[in-house]
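Sequence lines, in order, name chains F and P.
Just so we're aligned, residue 1 is where the first sequence starts under the working numbering, counting upward by one.
Just so we're aligned, residue 1081 is where the second sequence starts under the working numbering, counting upward by one.
Backbone N, C-alpha and C define an ideal beta-carbon position, used for all residues, glycine too.
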Amino acid sequence: MLSLVSATAAVASVTVKGRVVDAGDQQPLVGATIIVPEKALEAAGSSRRNVNALTDIDGNFTIVVPDGITAVDCRYVGYAPMTVELKGNLDHLVIPMTAASTELSEVVVTGYQKIEKRKLTAAIQTVAVNDNMLGSAMSIDQALAGQVAGLSSVTSTGAPGASPKIRIRGTASLNGTQEPLWVLDGIPLEGTTLPTMEDLKDIDEIYSTSIAGINPADIETITVLKDAAATAIYGARAANGVIVITTKSGRSGAPKVNFSTRITYSPKTGIDRLNLLDSNEKVDLELALLGTSYTYRENKGQVARIIAAAGETNAYKAGGWGALSGSTQAQINQLRNINTDWNDILFRNTVSQEYNLSVSGGNDKATYYTSVGYTDERGNVVGVEANRLNVTAKASYRLSRRLRVGASLFANRRVNKSNLTDADGFTNPVYYSRRANPYQTPFNEDGSYNYDVDIQGREDSELMFNIFEERDGTSYELESKSVTAIFDGEFRFNDQFKVFTQLGLQLDDSDKEEIADGNTYAMRKDVERTTLATLGGESFLPEGGKKTASSSTQRQVTWKFQGEYSDKFADIHEVELMAGTEIRKTWYESVSATGYGYDRKTLQTKPVIFPDESWAELYPLYAETYTENAFASFYATGSYSLLGRYTIGGSVRMDGSDMFGVAKKYRFLPLYSVSGLWRLSDEPFMEDAEWLDNLALRVSYGIQGNIDKNTSSYVMGDYNNVTILPGLTEEIISVSTPPNSRLRWEKTKTFSTGIDFGVLNNAINLSVDFYNRNGSDLIAARMLPLETGYVQMLVNWASMRNTGVEVTIASRNIHTPDFMWTTNFNFAWNANKVLREEIPSNQTTPGREGYPVGALFALKSAGLDEDGYPLFYNKQGEVVTATELLKLNSAGASTLTAEEQRNLYSYIGSTDPLFSGGLMNTFTYKNWELSLNFIFNLKSYVRCSPSYSPANYDRGMNSNRDILNRWTPDNTNTTFPVLMNSSDRPAEYIQYAEYSLYSSLDTWVKRNDHVRLQNLRLAYTLPSEISRKANMERVTIGLEARNLLVFGADYTNYLDPETMGNEFAQPIPKSFSFNLNVTF
Amino acid sequence: MKNINRIYGIATVALAALSTTSCDNFLDIQPVGRVIITTADEYRKMLTEAYSIVPEDRGLATFRSDEFVLNSTVSQEDLNSYLDIWRWEDVSPESTTATFNWRSYYQVLYEANYLIESRDNITEGSAEEIDQLEGEAYMLRAYMHFLLVNLYGEPYTALADPYSSKAVPLKLDTDPYNVLSRNTVGEIYDQIISDMDMAERLLNVDDWGEYRYRFNTLSVDALRSRVYLYMGRWEESLAASRRVLEVKSTLSDVTTELPNHYQSVENIVALEQVMTAYYDRAGKVNSELYGLYDISGDLRRTQYFNRQTSSNITVKKGGSNEYSCSFRVGEIYLNAAEAALEASTGEDALQAARGYLLTLMQNRYTANYYAKREAAVNEMSRDELREEIYTERRRELAFEGHRWFDLRRTTRPQLTKTYQGVTYTLEQNDSRYTVRIPSAAIEANPNLAN
C-alpha cells in the first residue's frame, strides 16, 4: 500500500520508486518506512511537514518528494535506520538495510507476537545466550541465576543437573506449581514442573524436566515476561511468569559451520565444613555415653558391642575404663586408628564433556539450521552419570511472496544412571557418607563386605547393609527420548493483514529400569517383608533379584491460529490487532512391570506364587495409568500508537479446560490486561536533549486467575480394585479428597510501572520497574484435623501482596578502540506481605498475617536449666521450662489451646531474600575478554535442622561435633542440651522426641545471605588474520571457573549458604572448564 | 488475486468457526477412572472401600495383651515393629514401631457419614437397596466408634461416671471445617447404641452370600451383645445374644474348620483379619496360654496352634484373609454365659450361664473330657463359674482380637513380660491400659490434648 502525498505546494516534486531489502539475504522488507526528514523539508522550502511511504508486500515503495530533497531516511524494525541519498536510478532505487543491534529497533519475541521494542508496554527482559552466559551449565535453567532482575534462581543442591528453583517476582500462589511457564519457539512445554526433591533421594533426580532436554547451544535468546501485560495472553498457566526460549535460525548466506566443545573438571568437595566426628572423638563419645544414664540405643556402636561381647558392660558402667580387661581396651583403641574417609571413597573427581556442531545458512527462498550436540556429565557421586544427545533441525521456506512456512524438529535422548536409593534413606551415598562411623570399614580383611549394623536403627538388623554391595548390586537407569516438532505457516493477504498458524507436537518417552540383585539390602528387605509364618517362615518371592521396568509417555498437541492486522492511518496512528484461538490436548500414560527372581546374566525372571490376592495387590507385577486433558482458549491483543510516542495496549484471554465435576459456566476464565507507554524522549520539548537517547514510561495493569482442577464440590472418587475376602475381587471407589464447595477462584491483580532511560549514545541504559501484585482468595493446602478423615484440603486461605522494585543498569564504562569495560547490574527488591489470612482453628503455629509468606517463627531460647534441659522466654519475658511454657500433660502434649500455642512464637525473618540480583563485569582488551559474574541473595533466613536431637540421638551413627559440647554435669556452660532420659521428665521427653519443639527454637533459625562468584571467564579470540589463514572465521578459546568463591553469613557446619539447613545436600561443586568455539 | 484472497478468507473464517463450535465437545473428557458418586452402585463401591480400610488394630492390640511373647525366635525386623507395643513402652517408642490407627477410622466414618447425609440423593437404587446401604453405614459408624473408644478411651466398666472421662471425638458429619473436641466415653456409647437402633430399622439383607464381610440383619444384635457386655448392661447384652442364637446357633466342628474361618458356619460378619500376616508371624504363643488347652481333651490345641518347640509356638488361625472374622456364634455363647451370670444373683442365672458355656464346651472338647468338665462346671460356685467363663473365653477367642479389650473391661490385672532378661510390668489399673492418642493427631487438632 502506498501512502501517497499529492503535490499541492508550489514546489515541484520528484517521484522516487524503489525496493527495500535485507542487506544479507536480499529478502524484501515489508512495511519499512521511507521518510523525508522534517528539517530537510523546511530547508527545501516545502510547506509540508510529513512526507513518507511504506513498502508493500514485495518491499516496493513509491514516494513523491519535493524538489530539492537530496536524501530520505529509511527505517525498519530490527534494522539500523539509514539515510539514502537520492541519486542514480530513481525508478529502481534499492535500499539494502542491515540488521541492527541498537536498543529500540529490536523486536521482542513473546511467543505469540513479535513486538517492536519501541511499542513495548510490558515488563519484558531479553537475555542473549552465549558461551559467557552459559558457562558450564548443562541446561538453560541453571544459567539464569543473576541474569534478570526479578528472576530469582536458587540452587538447593549440588546434584548433577539438578534444576534450580526459579521464581519470577516472588511467590504469587501457594497452590500447585510456582514454576514459570516455559515456551519453546511459541509452544508451551509440558513436563517442566520440578519433582518434589526429597533431599535424601536427589541422586536420582537428574535431568528430570523437559527443559533439561534442550541443548543450550541451540538457544539464541531467553525472554522473560514479568508483568500481567506480557503474560496475560498465556492465560492461567502464566501466573508465575513466562520464560520464552527462542532457538537459533539460519540466516541467508554461505553455510556457516560452528563447532564448540567444553571439557569441565569438577573436583570432589571436602566435607570438613560439616564438622563430623573423627574416630578418636567418636570412640570417646561412645565410651562416655555408655557410662551415663542415657539409654537410647545403648547397644549401638562398635564400642558397646566390643564391651558387650566381652561381657563387661556392667563392669564398665560401675568401674569405667579401668574396669575393662586389657584385650577389650586394646580392641577399642584399635578403632581409634581406623579413620575411613567415607566422603573420599564414595565421591570422585570428575571430567564432563560437551560437543556441539551446527551448520546454518540459506538463501532468499529458504534458510536452515542444523545441529548435533552431545554432553556427558559425571556426578561427583561414584556411579552417577548422565549424557544427552541432541539433534536439531530447523528450516524456513518462502514458498511465495505471501506464504512462508517453517518446520523445526528438536530431538534428544538422555540417559541417567545411578544406583537404587529408594529402599531406605541411608542407602543414598550422600547420606551414608555423613552418617557412617569413621571407624567402620567397607571391607573385611579378606575382601568380603563388612556389613554396617549401626546405620539401620535400633536392633542389629538381619538385613545386612553395605554401601559398596548396594552400589555394585543395584542400578537405576532412566532413558528419556523426546521429540518436539513445531510447524508454522504465515500467510500474508496484504500489507496489513496476515494469518499465522502453528502446530506443536511434543512427545516425551521415558524408560526406567531398576534392578536389584539377590544379594543386596534392597532385595533382602523385600524378602523380609514377604516372609510369612503360613509359608513356614519363607518368602513367597522366588530366589534372586528383581527388576522393574517402567515407561511413561507424555504427549501434547498445541495448535494455534491467529490473525494479525497492522496499519497506519494519517501517518500518526499505528494500530496492531491480533486475535486467535488455541487448543491443546495432553496425554500421559505410564506402564510398569516388575519381575522377581531376576538374574542379570540370564535375563530370566521366575513366576511369583502369591499366597492370596491381597499380597498380589501389595506387590503389583503390572501397573498402568492414563490421563488426558484438553484446553481451549481464545485470545486477543491490540495496541494503538499515536505519533510513535503514546502507545496503549490491551490483551484478553479466555481459558477453558476439561474441569471434571465443575459446572460448564465455570469452564472459561477471562484474564485481561491493559497497558500504556509514553516515550518522553520523542516529545518535541525533549528534542534539545541530545545526550538523551531514550526515555520512556510504562504502566500496566492486569488480572489473572486460577482454580484448582482437582477440587470439586461433589464427592469424587477413583476406581480401584480390592480383595477383602479370598477369591472376591471387587471394584471400589475411593474418595481421595473431600469435596469443597467453598473453594473460589484465586485472583491476582498486578500493577506494574517502569521507566527506561538511555543516555550518552546508550553508554548507560537504566530500567527501573515497580510492581504491586495483589493476590486474593489464594488457594493453599490446609492441614485438617485427622478426624475429618483426611490430612489436608485446599482452601482459599489468604490475600497477599508482593511489592517490588527492579533495577537493571547496563553501562559501557570505558570504551577505547582496544579496551572496553562493560557492567551489567541487576537488582531486585521484593517485599511480600500476607494481608489477610484465615487461620484454621486447629493451627498451632502462628498465622502470617502482616508477615511475609515465607515467615519463620521461633520460640525464644533462654539457655539451659540446672539439668541441662532447654529453657524458654515466654511472652512476658519470664524464663520458663517446656512444661511451663506449653502446659504439658502427662502424655507430653500441650494442653494450651491452638490460639495460645500460636501466641508463643516470635517472628524472626523470611525465607525469601529481600534483595537479590547479579553483577556482571566484562573487560575486553584487543582479543582478550575477561568476565566476572557475581550473584547475590540478601536478607533471608533459613531454619536449620538441629545438629542432634536431645531425646533420640543415635550413638550408633556419626554426627556433628556439637554433640561433644552437650550439657553434662561437668560441662554446664553450654547452649547444647543434655541427652535426655525418657524416665527423667517423660512429658518433656515426648515433646522433644515426637513434636518439633527443639527445632522450633530461635537457635536454629539463621541468616543465609550470600554473594557468590558464579563465573570467572577468560576468553581469547584468535586475530582474524590468523584464523582466516586456517579458513576459519572465528576461533575463541575460553577458560572458566564456576562457583569459585562464596561469601555468606555464618554457615558453619554446612557446605554452602544455599544448602544450609540440610546437611545431607550435595555441595554445590566448583568446576573448571576449557571451552573452544570455532566458526568456519 | 481477489479470488485467492476470498478463498483464503473463507477458509480462515470456517476454521475459526469450527474451532469455537466444537469447543465444548473438545473439553468434554471423561477422566479415566474418576467418577462423581451418584448411583446406588457407586455408593456401594464407596462403602466397599470403607470396609476395606477398617483397621486391624484389634490384632495389633494382641501384642499389648498376654497372648503373645516376643523372644529370640522373633526376627529383628519384627521386633523393631512390635517390641515397644508389647512391652508398653509408650514414652519413647522406637520410630520403627507400628502405630495404632487414627485417621483410617475417621476415613471410614467420613464415607459412612457421607452416605447417611446423601441418602435422599442416591439414584438408580431400590428403596430396599438404599436402606441396606444406609444401615451398613450406621453399623460402620457404630463399630468404628466402638473400636476407637476401646483403644483410646478408658474402659466404660472402670468408670464411676462414664460422662466424666473424655475419649475421642464423635464424628457424625462430613464437614471438613468442623474442628472437634473429645467426647466422653458415655456420650460415645450412647451414640453407638443409637446408631445400632437406626441400623436395625434399615438393614434388610439376612445373608450376604459370598459378601459376608458386610453387615447383615443379624450383625446388629451381635454387636449389641458385645457393646452391652462392655458396658456391663447385662440384661440387654443377654437379650441381644439370645436373639442372635435364635437365628444362628450352630457351632463349628473345629476338627474340620477353624471357627474364625471366613466360611465357617458360625461366622456372622467376616470383616476384620485381626491376625494379619505380619502380626501372625511376629509373635509366639505365650506358653501359659498354650497350657490352658488340655493336652488331649481340648480339640482346639492342635487346630489353633502349631508347636515347633516350647518357645516357638505359632498361631494357625490367622495370617491371611481366610481368617476374617469380626463376629461369630462362639463369642455370642460366651457373651451370653457371662451376661446371664452377671444379670441376676439367683440360681437360675447360674444355670443359664452354665447352659451357654457347656454348649460351647461340648463342641470344643472330646466326649470324655467334656464329661469331666461338665461335672466340674455344674459344681462351680458363682465366682468359680465367672473365672471359668473368662478362661474359656480366653481359650476360645484367642488371637481374634478380644483379649486386650477383655482385660480392660474386666479386672485390668498386673501383667509382666520378660525380654532378654529384663522384666516389664503393666501394673493393675495402669494408665497404659488406654493407648495414647497419636501425636500426629494432636498436632493436627490440639483440642485432643484436653
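{"Item": "In whole angstroms, what separates the C-alpha of Gln1388 of chain P from that of Arg1381 of chain P?", "Value": "13 Å"}
{"Item": "Find the residues of chain P that neighbour Thr1081 of chain F, judging by a C-beta separation of less than 9 Å, and give them in chain order.", "Value": "There is no way to answer for residue 1081 of chain F, as the model of chain F reaches only from 1 to 1080."}
{"Item": "Here's the rule I'm using: 16 or more other beta-carbon atoms within 10 Å means buried, otherwise exposed. How should Trp829 of chain F be labelled?", "Value": "buried"}
{"Item": "At what residue ranges does the stretch 1358-1443 of chain P contain a whole run of the alpha helix (DSSP H), taking only runs of 4 or more?", "Value": "1367-1370, 1380-1384 and 1409-1423"}
{"Item": "Do the stretch 136-147 of chain F and the stretch 209-218 of chain F make contact, defined as three or more Cβ pairs closer than 8 Å?", "Value": "yes"}
{"Item": "So, for Ala10 of chain F: in the same chain, excluding its five sequence neighbours on each side, which residues have a beta-carbon less than 7 Å away from its beta-carbon?", "Value": "Confidence in Ala10 of chain F is poor, its pLDDT being 46 and thus under 50, which makes the residue's placement too unreliable to answer from."}
{"Item": "Who are the near neighbours of Ser550 of chain F in its chain, counting only those whose CB is closer than 6 Å to its CB and skipping five residues on each side?", "Value": "Lys512 and Ser592"}
{"Item": "Give a yes or no on whether the C-beta atoms belonging to Met820 of chain F and Thr924 of chain F are separated by under 7 Å.", "Value": "yes"}
{"Item": "Given that Pro1249 of chain P touches chain F, what residues does it touch there, using C-beta distances under 9 Å?", "Value": "Pro785 and Glu787"}
{"Item": "Taking only the alpha-carbon atoms, compute the straight-line gap between Asn971 of chain F and Pro1067 of chain F and give it to the nearest angstrom.", "Value": "33 Å"}
{"Item": "List the endpoints of the continuous alpha helix (DSSP H) containing Val1324 of chain P.", "Value": "Trp1314 to Val1327"}
{"Item": "Where does Trp1168 of chain P fall in DSSP's three states?", "Value": "coil"}
{"Item": "Could you check the C-alpha separation between Arg645 of chain F and Asp682 of chain F for me, to the nearest Å?", "Value": "6 Å"}
{"Item": "How about Ile1202 of chain P and Tyr1123 of chain P: do their beta carbons lie closer than 7 Å?", "Value": "yes"}
{"Item": "Check for me: the alpha helix (DSSP H) holding Leu225 of chain F runs from which residue to which?", "Value": "That residue, Leu225 of chain F, is in no alpha helix (DSSP H); its beta strand (DSSP E) goes Ile219 to Leu225."}
{"Item": "Do Glu220 of chain F and Lys248 of chain F have their beta-carbon atoms positioned less than 7 Å apart in this structure?", "Value": "yes"}
{"Item": "Using the beta-carbon of each residue, which ones in chain F are nearer than 9 Å to Asn1401 of chain P?", "Value": "Asp612, Glu613, Ser614, Thr723, Ile724, Leu725 and Pro726"}
{"Item": "Check whether the Cβ of Gln1187 of chain P lies closer than 7 Å to any Cβ atom in chain F.", "Value": "yes"}
{"Item": "Take the Cβ of Ser1073 of chain F as the centre, count every other Cβ of all protein chains shown within 10 Å, and call the residue buried at 16 or more, exposed below.", "Value": "buried"}
{"Item": "Applying a beta-carbon distance threshold of less than 8 Å, which residues of chain P neighbour Asn740 of chain F?", "Value": "Pro1256"}
{"Item": "Under three-state DSSP, which class holds Asn29 of chain F?", "Value": "The question names Asn, but residue 29 of chain F is Leu in the sequence shown. Residue state, collapsed to three classes: coil."}
{"Item": "Roughly how far, in whole angstroms, is the beta-carbon of Thr418 of chain F from the beta-carbon of Gly383 of chain F, given that I think they are within contact range, below 8 Å?", "Value": "The sequence shown places Ser at residue 418 of chain F, not Thr. Yes, they are in contact, since the Cβ atoms of Ser418 of chain F and Gly383 of chain F sit about 6 Å apart, within 8 Å."}
{"Item": "Determine the DSSP secondary structure at Gly877 of chain F, reduced to helix, strand or coil.", "Value": "coil"}
{"Item": "Could you tell me how far apart the beta carbons of Glu1267 of chain P and Leu1252 of chain P are, in whole angstroms, since I believe they sit closer than 8 Å?", "Value": "Not really, about 11 Å apart at Cβ, beyond 8 Å."}
{"Item": "Which complete beta strand (DSSP E) runs does the stretch 219-284 of chain F hold, if anything under 3 residues is left out?", "Value": "219-225, 242-247 and 253-266"}
{"Item": "Using a C-beta to C-beta distance shorter than 8 Å, which residues of chain P count as neighbours of Glu528 of chain F?", "Value": "Ser1155 and Glu1157"}
{"Item": "For a minimum of 3 consecutive residues, which ranges assigned as the beta strand (DSSP E) are wholly contained in the stretch 397-432 of chain F?", "Value": "403-418"}
{"Item": "At a CB-CB cut-off below 9 Å, which residues of chain P make contact with Ala308 of chain F?", "Value": "What Ala308 of chain F touches in chain P: nothing, since even the nearest Cβ is about 12 Å away."}
{"Item": "Which residue comes first and which comes last in the beta strand (DSSP E) that contains Leu151 of chain F?", "Value": "Leu151 to Val154"}
{"Item": "Whole-angstrom Cβ separation of Glu179 of chain F and Ile187 of chain F, contact assumed at under 8 Å?", "Value": "Not confirmed; about 17 Å, so no contact."}
{"Item": "Among P:Ser1175, P:Glu1204, P:Lys1497 and P:Thr1128, which has the Cα closest to the Cα of Gln1187 of chain P?", "Value": "P:Thr1128"}
{"Item": "Given a threshold of 16 other Cβ atoms within 10 Å of its Cβ, counted over all protein chains shown, does Met1060 of chain F qualify as buried or as exposed?", "Value": "buried"}
{"Item": "Consider the Cβ of Met1219 of chain P: report whether some Cβ of chain F lies at a distance smaller than 7 Å.", "Value": "no"}
{"Item": "I need the boundaries of the alpha helix (DSSP H) containing Val1300 of chain P, first residue and last residue.", "Value": "Thr1297 to Met1311"}
{"Item": "For Pro817 of chain F, go through chain P and note every residue whose CB falls closer than 8 Å to its CB, in chain order.", "Value": "Per Cβ cutoff of 8 Å: no residues; Pro817 of chain F is ~54 Å from chain P at best."}
{"Item": "Can you name the residues that DSSP bridges to Lys568 of chain F?", "Value": "F:Glu574"}
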